[in-house]
Amino acid sequence: MIGIAYGLKNKTGLEIGGPSKFFDLKSYFPVYLFAKRIDGVNFSTETVWEGKIEEGKNYHYGNGKTGYQFISEASELENVNNESYDFLLSCHSLEHVANPLKALKRWNEVLKVNGRIILVLPDKEYTFDANRPYTSFEHLLEDYENKTTENDATHFDEVIKLHKSSKDPNPQTPGDFAKRVENNYAFRSVHHHVFSLDVLEKMLQHCNFKVIYKQKASPFHLIIIGEKTR
């Protein structure tokens with residue numbers, strides 16, 4: 008993985024929902040160490056992960072590095088120009104998006120030709136999604152064709168019923184957890200879908216990426232990397 012990260016040396020990237028320790032200087036995949044600049048995208052000026060943030064040159068990552076902070080839905084990227092980045096990072100973010108194929112198609116658009124997409128998602132076997140079924144590619148395609156929005160509550164009952172609290176690093180009472188799920192549009196804490204590597208590969212191929220790397224990694228990661236084909 009370090010070799011792949013080094014291949015992004017002096018290149019410009021966009022990170023969705025970061026920054027993430029997974030890409031940090033002494034991490035498993037130290038993209039922050041090699042990249043020329045990384046800009047960031049978050050859905051709101053206040054999130055449960057980053058606290059209060061503002062659009063502008065305020066995206067702080069790595070050891071004192073700074074990029075541009077966009078405030079936008081991950082599947083929209085309204086102010087991000089097409090074919091403007093060499094790579095795109097997303098760590099434990101895509102599962103929070105209600106319409107992931109829409110997001111991947113948009114992420115393809117902002118990448119240059121042969122640009123790379125690096126996705127890290129939770130491996131359900133080791134997380135609070137352990138009891139939930141895997142999402143099928145057909146379901147994701149239906150979400151895309153039905154133009155599913157971030158207000159979607161289709162999976163909320165399943166999320167609440169099958170939540171494995173013993174694997175939740177931030178356990179809550181069942182009542183508090185249910186309230187948070189129901190208020191997901193503000194918090195964005197729900198995992199709308201549960202992914203396998205096979206489905207992730209189908210998703211990338213459908214969105215015009217060639218898969219060049221995939222693996223499971225401890226303690227609870229699925230990693231897949233694609234290269235834009237068109």
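Under our numbering, the residues of the sequence shown are numbered 8 to 237, in order. Virtual Cβ for every residue (Gly too), placed ideally from N, Cα, C.
With 16 other CB atoms within 10 Å as the buried threshold, where does residue i fall?
i, result
"E85", "exposed"
"A193", "exposed"
"Y13", "exposed"
"G63", "exposed"
"G58", "exposed"
"E80", "buried"
"D130", "buried"
"N190", "exposed"
"P37", "buried"
"N17", "exposed"
"V24", "Checking the sequence, you will find Gly at residue 24 rather than Val. The residue in question, G24, is buried, as its Cβ has 16 or more Cβ neighbours within 10 Å."
"S100", "buried"
"I125", "buried"
Alpha carbon to alpha carbon, what distance is there between residue j and residue i?
i, j, result
"Y220", "I231", "6 Å"
"K235", "L21", "15 Å"
"Y133", "P140", "14 Å"
"H103", "E83", "14 Å"
"R187", "L40", "36 Å"
"K168", "F135", "11 Å"
"I60", "G122", "28 Å"
"E145", "K72", "40 Å"
"R44", "G182", "43 Å"
"D175", "S97", "21 Å"
"S143", "V206", "7 Å"
"K119", "Q179", "43 Å"
"N177", "K33", "25 Å"
"H200", "F50", "18 Å"
"D150", "S91", "27 Å"
"M8", "Y35", "7 Å"
"V48", "V87", "10 Å"
"N153", "N70", "42 Å"
Once you ignore the five residues that flank residue i on each side, which residues in its own chain have a CB closer than 8 Å to its CB?
i, result
"T156", "A105 and N106"
"K28", "S34"
By Cβ distance below 6 Å, which residues in the same chain neighbour residue i in space, the five residues on each side in sequence not counted?
i, result
"P26", "Y68"
"E208", "V218"
"C214", "L111, K112 and N115"
"L211", "V218 and G233"
"L15", "V38, F41, A42 and F94"
"A224", "I230"
"F202", "L128"
In the DSSP assignment, the beta strand (DSSP E) including residue i goes from what residue to what residue?
i, result
"L15", "First-last for L15: undefined, no H or E at that position."
"N65", "G63 to Y68"
"Y92", "Y92 to C98"
"A160", "That residue, A160, is in no beta strand (DSSP E); it is neither H nor E in DSSP."
If residue i and residue j are in contact, beta carbons under 8 Å, what's the gap, nearest whole angstrom?
i, j, result
"L148", "L108", "7 Å"
"V197", "F163", "7 Å"
"G74", "D46", "4 Å"
Which residues mark the beginning and the end of the alpha helix (DSSP H) in which residue i is found?
i, result
"K168", "F163 to L169"
"Q212", "L204 to H213"
"D183", "P181 to E189"
Go through its chain and collect everything with a Cβ distance to residue i's Cβ below 7 Å, but skip five positions before and after it.
i, result
"N89", "E116 and V117"
"N158", "Y192"
"R237", "N215"
"N65", "Q76"
"N138", "L169 and K171"
"V55", "F194 and S196"
"E165", "R139"
Should residue i be flagged as near chain D, meaning a C-beta pair shorter than 8 Å?
i, result
"E22", "Absent from the structure is chain D; it holds one protein chain and no more."
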